[in-house]
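Data first, discussion second: the structure below is written as structure tokens.
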Amino acid sequence: MVSLVFVEVWWHVALIFGCTWGVGYSIILNLLERFVYRKIKIIYKNIHSLKTEHLNREEDKDPIAKVSDDVSAWAAERKEEIALLKEQEGFRREFVGNVSHELKTPIFHVQGYIDTLLEGALSDPKVNYMFLEKSAKSVDRLIELVNDLTSINRIESGELEMEFEEFDIRTLVEEVYEEVEYLVSERNISCGFKQSADVAFHVNADRLKIKQVLVNLIVNAIKYGNDEGAINCGLYDMDENILIEISDNGEGIPESSIPRLFERFYRVEKSRTREAGGSGLGLSIAKHIVEAHGQTIQVRSQLGQGSTFSFTLAKA
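This is how it looks when you write it as structure tokens:
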């Protein structure tokens, strides 16, 4: 009898304890949920108000879902930024390496010629003038490289202002042809115009900068064109713009190299390019100048059939 009463008492105690614990757990859990929910809601409201002060708040949505979406978007943006930074770091390393190499080559040449002269060749009339002449050419290459780097930096930083004026682009091409006559005569290359360019084409642009573009493209065509080849300029009326094309019948450019052709110091054939001279920045400068005019520059080429560089300018 006593044991039965004892069991019944303990059963009631356990029942009361269980109910009390269950009710207390529910109350505490509810309070915690409400507390966390309110805190997250406050955090989200602060984020939302900072991001969209000009928009109406959308408080009817689940704030936890909103925070989750924001975190996901933030993570995606950071991932893209990290990928972009890695890509830019790769470009930076490649650029620094290219600049170092381009500077090192003429500096070593000058150093070698001067050391040879100082070691006794200066008194030898058969070689002293030749070594001095080669040193001067290497110094000229250094100056050209520094000037080209300065030009690119000024264009990219917005320091180089454009002075727009109206002029005939055909006349400007003729002017460049005359200035490079000594280069084309050495290789018996002819320079002319296509039938589409037999009249004047007036454009609105910076004449000196566009002349630099034409010089770079035409000299480039001379260097990598064939001996006894031809360079032709085509001009076309494209409604609001004038299309200018510089074509050669040289060896052409591999398709794999075309996407990188306007990068600084990029060379299709490094050994052949260095033999031809130049800073390796001509096409990059041309691209920057054309884009500073709000226009585009393109290239199309096939191996064995030559290359055509084309860009547009606003019609006057």
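For the sequence shown, my numbering begins at 1410 and goes up steadily by one. Ideal Cβ placement from N, Cα and C applies to all residues, glycine included. On a predicted model such as this, the values are computed, not experimentally measured, just so you know.
Looking at E1575 and H1611, is the spacing between their C-beta atoms short of 7 Å?
The count along the sequence shown starts at 1 and reaches residue 1611 at position 202. The count along the sequence shown starts at 1 and reaches residue 1575 at position 166. Yes, the Cβ-Cβ distance between H1611 and E1575 is below 7 Å.
Give the C-beta separation of F1573 and D1615 to the nearest angstrom, bearing in mind that I take them to be a contact with Cβ-Cβ under 8 Å.
Along the sequence shown, read from residue 1 onward, the residue named residue 1573 stands at position 164. Along the sequence shown, read from residue 1 onward, the residue named residue 1615 stands at position 206. Confirmed, Cβ separation roughly 6 Å.
Within 10 angstroms of its Cβ, does S1594 collect 16 or more other Cβ (buried), or is it exposed?
Counted from its first residue, the sequence shown places residue 1594 at position 185. So S1594 counts as exposed.
Could you name the residues of the same chain whose beta carbon sits closer than 7 Å to that of N1597, not counting the 5 residues immediately before and after it, in chain order?
Taking the sequence shown and counting its residues from 1, one reaches residue 1597 at position 188. Contacts found: D1636 and E1637.
Could you tell me which of T1559, R1563, Q1520 and E1568 sits nearest to A1545, measuring between CA atoms?
Taking the sequence shown and counting its residues from 1, one reaches residue 1545 at position 136. Comparing Cα positions, the closest option is Q1520.
Let me make sure I understand the geometry here. Which of R1673, K1620, S1547 and V1628 has the alpha-carbon closest to that of L1722?
For the purposes of this step, residue 1722 is taken as residue 313 along the sequence shown, with counting starting at 1. Checking every option, the nearest Cα to that of L1722 belongs to K1620.
Cα-Cα, which of H1702, E1664, V1628 and V1536 is closest to I1651?
Locating residue 1651 in the sequence shown gives position 242, counting from the first residue. Among H1702, E1664, V1628 and V1536, the Cα nearest to that of I1651 is on H1702.
Quick check: what's the CA-CA separation for E1489 versus A1606?
Working through the sequence shown from its first residue, we reach residue 1489 at position 80. Working through the sequence shown from its first residue, we reach residue 1606 at position 197. About 46 Å.
Around the C-beta of D1657, are 16 or more other C-beta atoms found within 10 angstroms, so that it is buried, or is it exposed?
Here residue 1657 corresponds to residue number 248 of the sequence shown, with the count starting at 1. Buried: at least 16 other Cβ atoms inside 10 Å.
When burial is assigned at 16 or more other CB atoms within 10 Å of the CB, is N1556 buried or exposed?
Position 147 of the sequence shown, counted from the start, is the residue given in the question as residue 1556. Exposed.
In this structure, how does DSSP classify D1657 when only helix, strand and coil are distinguished?
Your numbering for residue 1657 matches position 248 in the sequence shown. Three-state result, D1657: strand.
In whole angstroms, give me the CA-to-CA distance for R1673 and V1536.
Translated into positions along the sequence shown, residue 1673 becomes position 264. Translated into positions along the sequence shown, residue 1536 becomes position 127. Each residue's alpha carbon lies about 36 Å from the other.
Expressed to the nearest angstrom, what Euclidean distance is found between the alpha-carbon atoms of W1483 and K1618?
Residue mapping note: residue 1483 aligns to position 74 of the sequence shown, counting from 1. Residue mapping note: residue 1618 aligns to position 209 of the sequence shown, counting from 1. Those two C-alpha atoms are separated by around 43 Å.
On a CA-only basis, which of S1665, I1667 and I1627 is nearest E1654? Give me that one, please.
As a first step, residue 1654 is located in the sequence shown; it is residue number 245 there, counting from the start. Closest option to E1654, Cα to Cα, is I1627.
Return the bridge partner residues of L1722 from the DSSP annotation.
Looking up residue 1722 in the sequence shown gives position 313. L1722 pairs with I1651.
Just the C-alpha distance for D1478 and E1486, rounded to the nearest angstrom, thanks.
Translated into positions along the sequence shown, residue 1478 becomes position 69. Translated into positions along the sequence shown, residue 1486 becomes position 77. Each residue's Cα considered, the two are about 12 Å apart.
Which of the three DSSP states, helix, strand or coil, is assigned to G1521?
The residue you call residue 1521 lines up with position 112 of the sequence shown. DSSP places G1521 in helix when its eight states are reduced to three.
Which residues share a DSSP beta bridge with Q1711?
To locate residue 1711, count along the sequence shown from 1; it is residue 302. Q1711 is bridged to G1715.
Three-state secondary structure (DSSP) at A1609?
Translated into the one-based positions of the sequence shown, residue 1609 becomes position 200. Here A1609 sits in coil by DSSP.
Comparing C-alpha positions only, which one of V1699, L1512 and R1709 sits nearest to E1664?
To locate residue 1664, count along the sequence shown from 1; it is residue 255. When each option's Cα is compared against that of E1664, the closest is R1709.
Is it right to say E1660 is buried, meaning 16 or more other beta carbons lie within 10 angstroms of its own, or is it exposed?
Within the sequence shown, the letter at position 251 stands for residue 1660. That one is buried.
Mapping the DSSP letters down to three states, classify N1597 as helix, strand or coil.
Locating residue 1597 in the sequence shown gives position 188, where the first residue counts as 1. Note: N1597 maps to coil in three-state DSSP.
Excluding the five sequence neighbours on either side, which residues of its own chain have a C-beta within less than 6 Å of the C-beta of R1563, listed in chain order?
The count along the sequence shown starts at 1 and reaches residue 1563 at position 154. These residues qualify, in order along the chain: L1569.
According to the neighbour-count rule (16 or more other Cβ atoms, all chains shown, within 10 Å of its Cβ), is K1513 buried or exposed?
As a first step, residue 1513 must be located in the sequence shown, where it is residue number 104. Flag for K1513 reads exposed.
When DSSP builds the beta bridges, which residues end up paired with E1574?
Along the sequence shown, read from residue 1 onward, the residue named residue 1574 stands at position 165. The partner list for E1574 (beta bridge, DSSP) reads A1614.
Of all the options N1613, V1608 and E1584, which has the alpha carbon lying nearest to the alpha carbon of C1600?
Here residue 1600 corresponds to residue number 191 of the sequence shown, with the count starting at 1. Residue E1584 is the option with its Cα nearest to C1600.
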